[in-house]
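See below for the structure under consideration.
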Amino acid sequence: ISNVLYTATNGSTASYYQDGGFQYPIIIQLPESDRKTVETMANLSISPGGGAVDDVILRQVAYPVYAQGPSQITRLGRMRYIAVSGSPMGRSPGEIQKDVEKALSGTKFPLGYYWEWGINQKRQAEEFGGMGLAVVLAIGIIFMLLAAQFESFTHPLAILLS
114 ISNVLYTATN GSTASYYQDG GFQYPIIIQL PESDRKTVET MANLSISPGG GAVDDVILRQ
174 VAYPVYAQGP SQITRLGRMR YIAVSGSPMG RSPGEIQKDV EKALSGTKFP LGYYWEWGIN
234 QKRQAEEFGG MGLAVVLAIG IIFMLLAAQF ESFTHPLAIL LS
């Protein structure tokens, strides 16, 4: 049904016509007068294919409902998702992340729904995790260089702790 409605309203390329070295698309689409109103679209004839069943009028299998919905459905790994993002003002991203986790951890989602951090947040967490290791390694290397310079373990320790 969705393919038929898409073709009727937006058009689909059925084939191409070649003339004098140029290629022109042949587009199938309902005339504008037949797609102006919901009522005329409800009378659209749909062929189920196979030839065993007669054509079906759209209003026999579906009815129009005026409602708000997403203008586009985004998917990741064949699953629908909604991305929510924002820019913190006056607070650090870490504080906001803790507040979001606190608010969403107690939320009961319907079956099949869940939340998780997006790729940017996951990447940032990995980078900060790696930064902690880099700081520890840097302090260790500085300590070893100072120990080699002073030929003592106590003097570099006193320098690093001061």
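If you count the sequence shown from 1, position 10 lands on 123 in our numbering, and the numbers rise without skipping.
Even for Gly, the Cβ is constructed at its ideal location relative to N, Cα and C.
| Item | Value |
| --- | --- |
| Neighbourhood of residue 142 by C-beta, 6 Å cutoff - its chain only, sequence neighbours within 5 removed | 124 |
| C-alpha distance - residue 158 paired with residue 167, whole-angstrom precision | 10 Å |
| Cβ-based neighbour list, residue 263, same chain, cut-off 7 Å, excluding 5 preceding and 5 following | 269 |
| Alpha-carbon to alpha-carbon, residue 259 and residue 220 | 52 Å |
| Whole-angstrom C-beta distance between residue 127 and residue 139, which should lie under 8 Å | 5 Å |
| Boundaries of the beta strand (DSSP E) in which residue 180 is found, first to last residue | Looking at the DSSP string, residue 180 is not in any beta strand (DSSP E), and its letter there is neither H nor E. |
| Residue closest to residue 170, alpha-carbon to alpha-carbon, out of 274, 205, 154 and 196 | 154 |
| Start-end ranges of the alpha helix (DSSP H) lying completely within the region 160 to 224, minimum 4 residues | 171 to 174 and 206 to 218 |
| Cβ shell of residue 194 (< 8 Å), same chain only, five flanking positions each side left out | 187 and 188 |
| Under the three-state DSSP convention, the category residue 150 falls into | coil |
| Opposing strand residues paired with residue 130 [DSSP bridges] | 137 |
| Residue burial classification, residue 121 (beta-carbon count within 10 angstroms, cutoff 16) | buried |
| Distance between residue 234 and residue 118 (C-alpha atoms, nearest Å) | 39 Å |
| Secondary structure of residue 275, DSSP reduced to three states | coil |
| Inter-residue spacing [alpha-carbon to alpha-carbon] between residue 253 and residue 240 | 20 Å |
| Which of helix, strand or coil DSSP assigns to residue 125 | strand |
| DSSP state of residue 158 mapped onto helix, strand, coil | strand |
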